[in-house]
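Under our numbering, the first residue of the sequence shown is numbered 683, with each subsequent residue one higher. All C-beta atoms in this analysis are idealised placements derived from N, C-alpha and C, irrespective of residue type, glycine included. Everything below concerns the one structure shown next.
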Amino acid sequence: MKRMNIDQQNFVKNLIENSKKINSKAFTLTRCILLAIMNYNKDGLQFRELTSLLNITDGKLKSNLDFLEEVGYIKKVQIQLDQRKLHIYLITKSGENELKKIINWIRILANVEW
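Okay, structure coming up:
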């Protein structure tokens, strides 16, 4: 069996420690994309915009939005636009923090040597 050198041991330790900081239930591709899109678009997005961007079913989107809202990573806000009431989704500070943890972990993972 091949022994790991100090750098390899540090990499593995760092990878594992940082993975424990992530909410594993939030770490799905769809949820990561939702957090990233909302972080990028600070003004919020409507449900139909998100459906169009992600090209997923309404049901799948709703369940992912519901989960992210339930854990406090996003919030649903009602706004008035041209005499119509609409809902938009916004990332929260907690959601921004979770996204930072995910991005940090992905950066560590990206250092895997091929």
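Nearest candidate by alpha-carbon position, reference residue i, set the options
i      : options                           : result
Gly754 : Asn705, Gln690 and Gly741         : Asn705
Met771 : Tyr722, Ile698 and Lys695         : The amino acid at residue 771 is misidentified as Met; the sequence shows Tyr. Measuring from the Cα of Tyr771, the nearest candidate turns out to be Tyr722.
Leu781 : Ala718, Leu750 and Lys695         : Ala718
Asp725 : Asn700, Ile773, Lys783 and Arg789 : Ile773
His769 : Leu750, Glu752, Gln728 and Ser745 : Gln728
Met720 : Gly777, Phe709 and Phe693         : Gly777
C-beta contact flag for residue i and residue j at 8 Å
i      : j      : result
Leu747 : Ile756 : yes
Leu736 : Thr712 : yes
Asn700 : Asn786 : yes
Glu752 : Lys758 : no
Asn696 : Ile788 : no
Helix, strand or coil at residue i according to DSSP, with G and I counted as helix
i      : result
Ala708 : coil
Ala718 : helix
Lys703 : coil
Asn793 : coil
For residue j and residue i, the rounded distance between their alpha carbons
i      : j      : result
Leu763 : Gln691 : 55 Å
Phe693 : Lys783 : 16 Å
Ala792 : Glu731 : 31 Å
Ala708 : Asp689 : 30 Å
Ile761 : Cys714 : 25 Å
Along the chain, which unbroken stretches of the alpha helix (DSSP H) at least 4 residues long are found entirely within the stretch 720-788?
-> 729-736 and 740-752
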